[in-house]
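Structure first, commentary second.
Chains as they are written, first to last, in my numbering: chain S, 1035 to 1437; chain B, 1025 to 1169.
Dropping the structure here:
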């Protein structure tokens, strides 16, 4: 068997059906969607508007509320910076959380240098922020709450509907980064009180470099100061010639994801449970990070105590996963998400994220279980920490030589 | 990042994994690093009367490069004298395992572990020696009464 890809929260392969939809626009149909004077432009515009409807349908939104972007990093920047600049006269206070994606954290940190104040909520041990926490943090000058729909590392889903209601109650805009949730679990922007929502095509078997931002048009009408200025495309919120093949792919990917969600979410959740049960029946001293009661169907984040994540990944070279360990990142810092849950650095170093997807098979899960169990046992034989723990030594009381 | 073949070999077939009796007076134990830093190395040596390292064992919690560095270190110091082992430099480990710059700290840790194990066995010997001198003096004193 070849490589097993269990890193679908990082990116997903392009679905062949999406590629088929895109191909005409990579070949003959090259028109600019903004060209209003000839057939080339009309064909492109028609394709873009169809995709807009396909994306809007997944959110129960109106297609006029969809703004095309290059992906969620741009979408999050446009949402946060755009709202902050538009509503600066109303106030300069923003609420977010410590375990957001960097594409939310960094624009917020930037705003802190520009005279804005940010409240960084602490999630609970499972990664959730409560509506009450949001309520307590809202002030008279609060203009925006930005909280992700579901976390990329642990899959935890926030109580979005309750948070949306609190924001409505106080007249504060609610932005959610739905990069991981879009197309995987039901989203209704009206029922959930969402005003701005970011999404990305490449997380749902679409192409890279394209995404969308839902920007509410009614109750309230949300206005954003653009970060890219130019020809006034996308209701002035995002200038630049539209990426027609990418947008067509995004629309097709969204429609497929919506149609298959009822069966796929059940199938994938079962595979995820099989993975966890496989580990749990053969290994001791492991635990599941996140909130099993409020979790994406595809994300299984496990800490294998006394073994380090990078060395563990070396043990299953034909399994593609990612780790919260320091060694996998350029920063040499372990996952700030796992640390944000109050887990120690040692546990963050021992964590692996398995993110399943549309093309994951049961045989691949069996293969993953076998390889992971073998690697954990191999490394525990090598681990002084495992030996000490087995001998009853409390590792938290040992005086380590930090370096 | 791809690992060198030598790192992979030490990872898959680590040399000298195990535990020596840390209480034995001719065994030195060095534990360096901390779990929250993602690396803990324990390196142990058994030394004969002529200061020669007759056995070496390790266990490491850490990345593949940390495991390989400590495995290689035990291989190199076995059969050497304490002074020869003290001359071991982390840069030799870096070269042998072709470690990238981001993994140099793994080799430093291995060098530190060797030094800590040697320091431990030396300290035990000094303690034993002073204990024996003390006992002899006490014996002499009691015979005088």
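Just so it is clear, CB atoms sit at the ideal spot from N, CA and C, and this is done for glycine as well.
Under 9 Å (Cβ pairs) to chain B, residues found in the stretch 1321–1343 of chain S: 1340, 1341, 1342, 1343
Can you name the residues of chain B whose CB is closer than 7 Å to the CB of residue 1378/S? 1060
Nearest by alpha-carbon distance to residue 1302/S: which of 1037/S, 1036/S, 1042/S is it? 1042/S
Kindly list the residues whose CB is nearer than 8 Å to the CB of residue 1169/B, restricted to its own chain and excluding five residues on each side of it in sequence; keep chain order. Any reading at residue 1169/B is ruled out, since the residue's pLDDT is 42, under 50, leaving its predicted position unreliable.
Quick check on this structure: which residue in 1430/S, 1081/S, 1119/S has the alpha carbon closest to the alpha carbon of residue 1068/S? 1081/S
Given residue 1205/S as reference, the closest of 1106/S, 1137/S, 1229/S, 1211/S once Cα atoms are compared: 1229/S
Have a look at the DSSP bridge pairing and note the partners of residue 1183/S. Residue 1183/S is not bridged to any residue.
Beta-carbon proximity check, residue 1110/B vs residue 1142/B, cutoff 8 Å: yes
By alpha-carbon positions, which one of 1210/S, 1286/S, 1086/S, 1101/S ends up nearest to residue 1191/S? 1210/S
Near residue 1036/S, which residues of its chain fall below 6 Å by C-beta distance, leaving aside the five closest residues on each side in sequence? none
With a threshold of 8 Å between beta carbons, is residue 1421/S in contact with chain B? yes
Would you kindly work out how many angstroms separate the C-alpha atoms of residue 1112/S and residue 1058/B, rounded to a whole number? 41 Å
At least one CB of chain B closer than 8 Å to the CB of residue 1369/S: is that the case? no
Buried or exposed by the 16-neighbour rule on C-beta atoms within 10 Å, applied to residue 1343/S: buried
Please return the same chain residues whose Cβ sits closer than 7 Å to the Cβ of residue 1089/S, not counting the five positions on each side in sequence. 1100, 1246, 1284, 1285, 1288
Does the contact criterion of 3 or more C-beta pairs under 8 Å hold for the stretch 1091–1111 of chain B versus the stretch 1127–1143 of chain B? yes
Give the straight-line distance between the Cα atoms of residue 1420/S and residue 1382/S, rounded to the nearest whole angstrom. 16 Å
Distance cutoff 8 Å, beta carbons only. Does residue 1030/B sit that close to anything in chain S? no
Excluding the five sequence neighbours on either side, which residues of its own chain have a C-beta within less than 8 Å of the C-beta of residue 1345/S, listed in chain order? 1413
For residue 1049/S, does the three-state DSSP call read helix, strand or coil? coil
Checking the sheet assignment: what are the DSSP bridge partners for residue 1435/S? 1057/B
Whole-angstrom distance between residue 1348/S and residue 1087/S, CA atom to CA atom: 44 Å
Could you give the distance in angstroms between the alpha-carbon of residue 1200/S and the alpha-carbon of residue 1141/S? 23 Å
So residue 1195/S packs on residue 1226/S, CB below 8 Å; how close in whole Å? 5 Å
I'd like to know whether the C-beta of residue 1083/B is nearer than 8 Å to at least one C-beta of chain S. yes
Among 1139/S, 1148/S, 1136/S, 1424/S, which has the Cα closest to the Cα of residue 1126/S? 1148/S
Going by the beta-carbon positions, is the gap between residue 1121/B and residue 1089/B smaller than 8 Å? yes
For a contact defined as C-beta to C-beta under 7 Å, what are the partners of residue 1038/B on chain S? 1416
is_contact[residue 1056/B, chain S] using C-beta, thresh 8 Å: yes
Assuming residue 1091/B and residue 1027/B make a contact with CB atoms under 8 Å, what is their CB distance in whole Å? Not confirmed; about 11 Å, so no contact.
Looking only at its own chain, which residues have a Cβ that is under 8 Å from the Cβ of residue 1105/S, when we skip the five neighbours before and after it? 1234, 1235, 1236, 1242, 1243, 1244, 1245
I believe residue 1391/S touches residue 1372/S by the beta-carbon criterion, under 8 Å. Please report the beta-carbon distance rounded to the nearest angstrom. Rounded, the Cβ-Cβ distance is 22 Å, inconsistent with contact.
Beta carbon proximity, residue 1086/B to chain S, threshold 8 Å: yes
Would a check of beta-carbon distances place residue 1076/B closer than 8 Å to chain S? no
Enumerate in chain order the residues of its own chain whose CB-to-CB distance from residue 1153/S is below 6 Å, with the five nearest sequence positions on each side excluded. 1129, 1171
Residues in the stretch 1088–1116 of chain B having any Cβ partner in chain S nearer than 8 Å: 1088, 1090, 1091
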